[in-house]
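Undergrad:
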Amino acid sequence: GAGVSQSPSNKVTEKGKDVELRCDPISGHTALYWYRQRLGQGLEFLIYFQGNSAPDKSGLPSDRFSAERTGESVSTLTIQRTQQEDSAVYLCASSAVPGQGRQYFGPGTRLTVT
Amino acid sequence: GIQVEQSPPDLILQEGANSTLRCNFSDSVNNLQWFHQNPWGQLINLFYIPSGTKQNGRLSATTVATERYSLLYISSSQTTDSGVYFCAVLTGGGNKLTFGTGTQLKVEL
Numbered sequence: 148g149a150g151v152s153q154s155p156s157n158k159v160t161e162k163g164k165d166v167e168l169r170c171d172p173i174s175g176h177t178a179l180y181w182y183r184q185r186l187g188q189g190l191e192f193l194i195y196f197q198g199n200s201a202p203d204k205s206g207l208p209s210d211r212f213s214a215e216r217t218g219e220s221v222s223t224l225t226i227q228r229t230q231q232e233d234s235a236v237y238l239c240a241s242s243a244v245p246g247q248g249r250q251y252f253g254p255g256t257r258l259t260v261t
Numbered sequence: 177g178i179q180v181e182q183s184p185p186d187l188i189l190q191e192g193a194n195s196t197l198r199c200n201f202s203d204s205v206n207n208l209q210w211f212h213q214n215p216w217g218q219l220i221n222l223f224y225i226p227s228g229t230k231q232n233g234r235l236s237a238t239t240v241a242t243e244r245y246s247l248l249y250i251s252s253s254q255t256t257d258s259g260v261y262f263c264a265v266l267t268g269g270g271n272k273l274t275f276g277t278g279t280q281l282k283v284e285l
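Residue numbers (this note's numbering), protein chains in the order written: chain Y, 148 to 261; chain U, 177 to 285.
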């Protein structure tokens, strides 16, 4: 596609529910990243996928967070038993050059946990 | 981990003015990028500049890797330049970008 796409654009959920966020990277980009941005703050790294290698999960804040990616295509970020502190914008980025290249961001998913 | 500091935190300009945004980082980097986050939240990649100088229209950036800083220059600012500017760095062997806290820019008529 022309750019990174994410869905849904907005998600409101009740505390304790599970949510699943989706990211479609730029076609041909082998590297995919998830970040979280809390209101008024910078971006926090969550997880990185590169091809079929084991993902770098070092940024996931708790075991309620998980992510999957099939090959070099779509990725899903799942948050189980959501808490109010999970409210944030979740941003996905992709890069043609693993680790070293320019990262291109999607529009994000705004998650609100009530 | 690496620390990334940006200054100033906030900046208000009159349209047509020039400005310089600074990014300091605490360790050697091999990847530095500047982003603009518009008021709707979209992050736009402005520059990939681990060293040297690049220009793109009214924007230019310079990274002096040996002195651990980068500068983003905005000339003849326009209201559409408003938003938050982030620099982000990646250290050797790492996979993640570490973002600075950003500079909030508002350009007024």
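Glycine included, C-beta positions come from ideal geometry on N, C-alpha and C.
None of the values given here were measured: they were computed from a predicted structure.
1. To which residues of the same chain is residue 286 (chain U) closer than 6 Å at the C-beta, ignoring the five residues directly before and after it?
2. Spatial neighbours of residue 208 (chain U) within its chain, please: C-beta separation below 6 Å, excluding the five flanking residues on both sides.
3. Using a Cβ-Cβ cutoff of 9 Å, what residues of the stretch 237 to 255 of chain Y are near chain U? List them in chain order.
4. Within 10 angstroms of its Cβ, does residue 168 (chain Y) collect 16 or more other Cβ (buried), or is it exposed?
5. For the stretch 240 to 261 of chain U, enumerate the residues whose C-beta is nearer than 7 Å to any C-beta of chain Y, in chain order.
6. Report yes if the C-beta distance between residue 236 (chain U) and residue 242 (chain U) is below 8 Å; otherwise report no.
7. Can you tell me which of the three DSSP states residue 254 (chain U) falls into?
8. Comparing C-alpha positions only, which one of U:178, U:184, U:261, U:197 sits nearest to residue 300 (chain U)?
9. For residue 207 (chain U), which beta-bridge partners are listed by DSSP?
10. Do residue 241 (chain Y) and residue 173 (chain Y) have their CB atoms nearer than 8 Å?
11. What does residue 230 (chain U) touch in chain Y if you count any residue whose Cβ is under 8 Å from its own?
12. Check whether the Cβ of residue 190 (chain Y) lies closer than 8 Å to any Cβ atom in chain U.
13. Could you check whether the Cβ of residue 273 (chain U) sits closer than 8 Å to any Cβ belonging to chain Y?
14. Going by DSSP in three states, residue 241 (chain U) sits in which element: helix, strand or coil?
15. Tell me the residue span of the beta strand (DSSP E) that contains residue 181 (chain Y).
16. Specify whether the stretch 180 to 187 of chain U and the stretch 275 to 282 of chain U touch according to this definition: at least 3 beta carbon pairs, one from each stretch, less than 8 Å apart.
TA: This is what the structure gives:
1. The shown model of chain U, from 177 to 285, leaves out residue 286 (chain U), and the question about it has no answer.
2. 225, 226, 239, 246, 265
3. Listed by position, the residues of the stretch 237 to 255 of chain Y near chain U (Cβ gap below 9 Å) are 238, 240, 245, 246, 247, 248, 249, 250, 251, 252, 253, 254, 255.
4. Its Cβ being crowded by 16 or more others within 10 Å, residue 168 (chain Y) is buried.
5. Per Cβ criterion, the list is empty.
6. no
7. DSSP places residue 254 (chain U) in coil when its eight states are reduced to three.
8. Outside the shown range of chain U, which is 177 to 285, sits residue 300 (chain U), and nothing can be said about it.
9. U:266
10. yes
11. Result: empty, since nearest Cβ-Cβ is about 12 Å, beyond 8 Å.
12. yes
13. yes
14. helix
15. Segment 178 to 184, the beta strand (DSSP E) holding residue 181 (chain Y).
16. Yes: at least three Cβ pairs fall under 8 Å.
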